[in-house]
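Visitor: Under my numbering, the first residue of the sequence shown is numbered 121, with each subsequent residue one higher.
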Amino acid sequence: MIDDHPTNFPETVIASVHAAVASTLTCEALPVRGALRLLLSGQHTPIRALVTCSLYPAQPGIDAGTALDLIHISLQQLHAHIDATSGASALLGNAAAVLAGDYLTTGAFRLLVRCADMRVLTLVSDAVNRASELEATQLGLDPDARDDPSRLLQTRQQLAAPLGEAAGATGATLAGYPEPLAGAARRYGQYLVSSHVLQLEADAMPPSRARTALQDAALDLCRQATREARAIAAATDNERPLELAERIAASLGAQASACNPEICTSTSS
């Protein structure tokens with residue numbers, strides 16, 4: 121069981137995610153290690169695992185939440201290769217990117233089997249199908265989408281939604297939440313994960329109106345997640361979702377306040 125103290129909650133989840141990965145994905149091949157750096161580096165936030173564990177802070181929540189983050193990274197592997205013009209992704213080639221993605225997906229489903237809940241396995245499988253279909257439609261399409269803030273916002277939110285919703289649904293299922301509380305958990309997961317994805321996209325961009333639009337949208341989604349988390353706290357006395365959403369909202373607000381709406385200076389991720 122994860123320590124309930126708010127100060128320790130995210131750090132404990134992250135340490136548990138690292139342990140789950142170490143026990144499941146032992147391959148040392150360069151493409152695999154490169155992909156896992158996206159999850160295990162100190163700057164990365166395993167947001168889907170944090171969402172799931174904020175609702176259900178026990179080992180099945182760790183396993184299922186980590187699986188969702190691994191699936192997300194595996195879906196990004198082919199994108200990383202297609203988009204790369206230099207560096208390891210370009211040099212290793214398409215086969216290495218696909219094999220690394222397959223290995224991460226296999227590890228993810230190994231964790232889901234360890235979770236030993238057919239309800240969770242079913243809802244995650246459905247989410248992966250939806251996410252994979254959406255990702256497939258984007259491969260190699262609209263190379264100029266980054267220059268159109270509205271299209272970029274729509275695309276990134278659509279791609280993030282299935283696994284974000286699954287993170288909330290998984291936590292709610294493991295915790296035994298009834299409807300409509302389970303619906304609040306699904307929306308909380310979708311909004312918070314989408315917010316995180318949009319902010320990562322903004323962090324990777326130079327100062328521009330598109331970056332400002334992404335930051336504004338990320339903060340708005342985080343506020344929506346906070347409202348859902350507040351409803352969960354009122355119904356269950358579980359303050360972890362609210363603490364997580366408020367912590368992320370505070371970080372996003374600080375970054376937004378450091379940026380001029382017209383000429384935004386770079387901020388740390």
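For glycine and all other residues, C-beta sits at the position ideal for the given N, C-alpha and C. No experiment lies behind these values; they were computed from the predicted model shown.
So what does DSSP say about Y297, is it helix, strand or coil?
Guide: Residue state, collapsed to three classes: coil.
Visitor: How close, in whole Å, do the beta carbons of H316 and T186 come, if the pair is a contact with beta carbons under 8 Å?
Guide: Actually they do not touch by this definition, with Cβ atoms about 16 Å apart.
Visitor: In three-state terms, what does DSSP make of E148?
Guide: Correct three-state label for E148: coil.
Visitor: How would you label E253, buried or exposed, when you count the other beta carbons within 10 angstroms and need 16 or more for buried?
Guide: With fewer than 16 other Cβ atoms within 10 Å, it is exposed.
Visitor: Flag this pair as touching only if the stretch 129 to 144 and the stretch 279 to 295 have three or more C-beta atom pairs under 8 Å; answer yes or no.
Guide: Not touching, per the Cβ criterion.
Visitor: Evaluate contact between the stretch 173 to 193 and the stretch 213 to 230, counting only Cβ atoms and requiring at least three cross-stretch pairs below 8 Å.
Guide: Short answer: they touch.
Visitor: In angstroms with no decimal places, state the Cα-to-Cα distance between R360 and R153.
Guide: So the alpha carbons of these two residues sit roughly 31 Å apart.
Visitor: Where does the unbroken alpha helix (DSSP H) through D246 begin, and where does it stop?
Guide: Its alpha helix (DSSP H) spans residues 238 to 258.
Visitor: Could you pull the start and end residues of the alpha helix (DSSP H) that E348 belongs to?
Guide: Residues 329 to 356.
Visitor: With contact counted as at least three CB pairs below 8 Å, one residue from each stretch, are the stretch 167 to 179 and the stretch 288 to 305 in contact?
Guide: Taking 8 Å as the limit for Cβ pairs, the verdict is that the stretch 288 to 305 does touch the stretch 167 to 179.
Visitor: Starting from the C-beta of L160, find all residues in its chain whose C-beta is less than 7 Å away, skip the five residues before and the five after it, and write them out in chain order.
Guide: Only H138, V141 meet the Cβ criterion.
Visitor: First and last residue of the alpha helix (DSSP H) that includes A324?
Guide: Counting along the chain, A324 falls outside any alpha helix (DSSP H), and DSSP gives it neither H nor E.
Visitor: Out of T172, I182, A305, state which residue places its alpha-carbon closest to the alpha-carbon of T144.
Guide: Nearest C-alpha to T144: I182.
Visitor: Of all the options R276, A217, A305, T172, which has the alpha carbon lying nearest to the alpha carbon of R322?
Guide: Here the sequence assigns Ala to residue 322, which means Arg is not the residue at that position. Ranking the options by Cα distance to A322, first place goes to R276.
Visitor: Once DSSP output is grouped into helix, strand and coil, what is the label at S270?
Guide: S270 falls in the helix class under three-state DSSP.
Visitor: Short check: CB of L195 to CB of A251, under 8 Å?
Guide: A contact, by the Cβ cut-off of 8 Å.
Visitor: With DSSP as the reference, label Y176 as helix, strand or coil.
Guide: DSSP places Y176 in coil when its eight states are reduced to three.
Visitor: Using alpha carbons as the reference points, say which of S270, V218, A149 lies closest to R331.
Guide: Comparing Cα-Cα distances from R331 to each of S270, V218, A149, the minimum goes to S270.
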